[in-house]
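Structure first, then comments.
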Amino acid sequence: MISFPPPSRLKKSTTTVKPNLHQIRSDFPILSQKVYGKDIVYFDNAATTQKPKQVIEAILNFYSNTNSNIHRGVHYLSEKSTEAYENARKTVQAYIGAKHLHEIVFTAGTTAGINAVAFSFGERFVKADDEILITHMEHHANIVPWQMLAERKGAKLKVAPINQNGELILDELEKLFTPKTKILAISQVSNSLGTVNPIKEIIQIAHDKGIPVLVDGAQAIQHGKVDVQDLNADFYVFSGHKIYGPTGIGVLYGKEKWLEQMPPYQGGGDMIKHVTFEKTTYNELPFKFEAGTINYVGAVGLDAAIEYVESIGLEFIESYEKELLTYATEKLLRIDGLRIFGTAKNKIAVTSFLLEGIHQFDVGMVLDKMGIAVRTGTHCTEPIMTFFGIDGTVRPSYAFYNTFEEIDQLAEALVKIKVMFG
Ligand code: PLP
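Quick note, the working numbering runs 549 ahead of the 1-based positions in the sequence shown.
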């Protein structure tokens, strides 16, 4: 079961109307494109999602009618821009259930958010001999910033293990917490295996030991309801481009109590109250963490993307993508010599696989020529590949605009590839 359990304080909607898939697909102009003369099948959604015209139009409209730098001017356009930007913050706050508006910091994306916390939290709370805990299934973005922090401070990076299904071994994770552990940084969903971690339970375990948790939500936010208060996450980061929004914008949610205590990690315009050559005083939250001209147009696009996702309905997205996953898994496993990596009980719609005897790049390149876009390689998770003793996988990842027919096409293409490669 894919469980993004409905947050206890949210009522389940009883009025969901099943959206029309044809209508949904027509919202995404890129999906009507042909590549090499064939209708494109876009199965690289874990890398980035395509954008509905509602998002594209919001950006076009903003540049055409509203654009001006935010927070700086008293003139009409500047005020309109600022209003649109701050409305986007409200939309994000509501979408992830943050208690305070000032707990929403706009960043360039997940990577930027994790780096911000690793630097700023690290400056304030991590010292020599302390420990930082991550897991074996992290994206490089949730490994390297912590490694850099550990090197800077003389701290130690510890890694919680996974099993052959690509699931975290919770008992082992628990054993790794010590009085020296300063933070646990963990993905809610693995990008290469699809594993959904029992993140609420893990946060509870960490909190019982007084340890704060950063959740990398890059692969979770687009697949189901996330409520940061229900999860009790200390930090939650995600990227706009993975949730049908533009690139270059992302969100760092942090509990007020942490953000208040953390120093800014970048200096510049907008993050200050007063500057003299002797001393600078910093702005309040969230602006303390938003130095320089933020990608405010990106934030407007993200606002439109969240509105779009909500119009489709998270319940529909979750249940339809689950059907796609079940169908794709069954179809792919019927192909002789195909092995799926990532067989967790609780998964999102990702089916990383290898075809015996055929290199993943060859599979990806031939699929491309057949009009099917998949990701190949390590998916920025080299340690996972090392764990399985492989150098990469082919990774189709599915979104709510994909169809069962497209999965049939993928399966048929793979059978042809097997024949081609003998
Ligand atoms: N974390 C996970 C789990 C991801 O899947 C990704 C991107 O694929 C990232 C972090 C990095 O996201 P971005 O490149 O948008 O900063």
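C-beta: ideal position from N, C-alpha, C; glycine also.
Bridge partner(s) assigned by DSSP for residue i
i	result
E680	K705, T730
K896	T744
L887	L904
P587	The sequence given here places Lys at residue 587; Pro does not occur at that position. Its beta-bridge partners are V584.
S946	D593, V899
L717	I711
Y785	V764, Y802
I735	V764
G926	T942
I821	Y831
T656	G799
P663	Inspection of the sequence shows that residue 663 is occupied by Ile rather than by Pro. Partner(s): none; I663 has no beta bridge.
A921	Here residue 921 is Ile; the residue named in the question, Ala, does not match the sequence. Per DSSP, V590.
CB contact flag (residue i, residue j, <8 Å)
i	j	result
I897	G743	yes
Q768	K791	yes
A665	T656	yes
V745	K702	no
I751	L722	yes
H688	C929	yes
I663	V786	yes
A633	F611	yes
N950	L580	First, the residue type needs correcting, since residue 950 is Tyr and not Asn in the sequence shown. Cβ distance < 8 Å, so Y950 and L580 count as in contact.
S627	I619	yes
Y793	K600	yes
V912	V943	yes
I855	Y644	yes
L801	V693	no
A661	G799	yes
D852	N712	no
Y947	V604	no
6 Å CB neighbourhood of residue i in its chain, flanking five on each side removed
i	result
K560	Unreliable positioning characterises K560 in this predicted model, as indicated by a pLDDT of 40, which lies under 50. The coordinate reading is nonetheless provided below. Closer than 6 Å at the Cβ level, and outside the excluded window around K560, lies no residue.
G817	A840, G841
F784	V666, L763, G803
D730	First, the amino acid is wrong: residue 730 is Thr here, not Asp. Same-chain partners within the cutoff: E680, L682, I760.
E955	V590
F970	I907
P795	G789, G847, G850
G671	L698
The ligand PLP heavy atom lying under 7 Å from the CB of residue i
i	result
S581	no
Residues near residue i by beta carbon distance below 7 Å, same chain, minus five either side
i	result
L881	L887, I889, T900, F902, A960
G920	V584, Y585, K587, D588, I589, V590
L706	I681, I683, W695, Q696, A699
L650	R638, K639, Q642
R621	S627
Q810	R673
V923	F592, D593, G913, L916, V943, R944, P945
A596	R924
L570	T952
E606	none
Residues near residue i by beta carbon distance below 8 Å, same chain, minus five either side
i	result
I821	T829, T830, Y831, N832
H756	V762, N781
T565	Per-residue confidence for T565 stands at a pLDDT of 48, beneath the threshold of 50, marking its modelled position as unreliable; the derived number appears in the next sentence. Closer than 8 Å at Cβ, skipping near neighbours: G862, E864, F865.
Q737	V745, N746, I748, V764, D765, G766, Q768, A769, V775
A962	V915, L916, M919, I921
D678	G703, A704, K705, K729
I884	L904, A960, L963, V964, K967
S669	M811, P812, P813, Y814, F838
E931	H689
F936	H685, I711
Cβ-heavy atom distance, residue i to the ligand MG, below 7 Å
i	result
F936	The ligand content of the structure shown is limited to the ligand PLP, which means the ligand MG is not among them.
Cutoff 8 Å: residue i Cβ touching any chain B Cβ
i	result
N691	Among the protein chains of the structure shown there is no chain B, as only one such chain exists.
Subject >> Those residues, in chain order, that have a beta-carbon closer than 5 Å to some heavy atom of the ligand PLP >> reply: G658, T659, T660, H688, A690, S736, N740, D765, A767, Q768, S788
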